[in-house]
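Q: Residue 1278 is where the sequence shown starts when you use the numbering used here, and the numbers rise one by one after that.
This is the structure I have questions about; it appears just below.
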Amino acid sequence: MEASVHEAKTHLSRLLENVLLGEEVIITRSGRPVARLVPFEPRKAKRKVGSAAGLFRVPDDFNDPLPADVEETFWK
1278 MEASVHEAKT HLSRLLENVL LGEEVIITRS GRPVARLVPF EPRKAKRKVG
1328 SAAGLFRVPD DFNDPLPADV EETFWK
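As structure tokens, this is what we get:
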């Protein structure tokens, strides 16, 4: 749906109802698109650093070489 700036100012409530029903509204000035009215989508919460602290432990031998038979499978 398209609406001029004047129509958008005059009928904003109606346009918002259309947006809530899933319709996208393009606002035009002198027949040219200048804005798009779309439903608001909240941003996903950012992950908090350290939020998994204590949930797992990195073993002391994590960086040790793999057993020869396991490492060999990577070279086949």
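Just so it is clear, CB atoms sit at the ideal spot from N, CA and C, and this is done for glycine as well.
On a predicted model such as this, the values are computed, not experimentally measured, just so you know.
My understanding is that Ala1285 touches Leu1293, with C-beta atoms under 8 Å, so please give their C-beta distance in whole angstroms.
A: Taking the sequence shown and counting its residues from 1, the one referred to as residue 1285 is at position 8. Taking the sequence shown and counting its residues from 1, the one referred to as residue 1293 is at position 16. Under the criterion of beta carbons closer than 8 Å, Ala1285 and Leu1293 do not qualify as touching, at roughly 10 Å.
Q: Between which residues of its own chain and Pro1342 is the CB-CB distance below 8 Å, once the five residues before and five after are set aside?
A: The sequence position of residue 1342 within the sequence shown is 65, counting from 1. Cβ neighbours of Pro1342 beyond the five flanking positions: Glu1348.
Q: Can you say whether Ile1302 is buried or exposed, counting buried as having 16 or more other CB atoms within 10 angstroms of its CB?
A: Here residue 1302 is taken as the residue at index 25 of the sequence shown, counted from 1. With the sequence shown as reference, residue 1302 is identified as Val, and Ile is not the correct amino acid for it. The residue in question, Val1302, is buried, as its Cβ has 16 or more Cβ neighbours within 10 Å.
Q: Is the separation between the beta-carbon of Gly1299 and that of Pro1316 shorter than 9 Å?
A: Your numbering for residue 1299 matches position 22 in the sequence shown. Your numbering for residue 1316 matches position 39 in the sequence shown. Yes, the pair counts as a contact, with Cβ atoms nearer than the cut-off.
Q: Suppose you measure from the CA of Phe1351 to the CA of Thr1305; what does that come to, to the nearest Å?
A: Position 74 of the sequence shown, counting from 1, holds the residue named residue 1351. Position 28 of the sequence shown, counting from 1, holds the residue named residue 1305. Cα to Cα, the separation comes out at about 59 Å.
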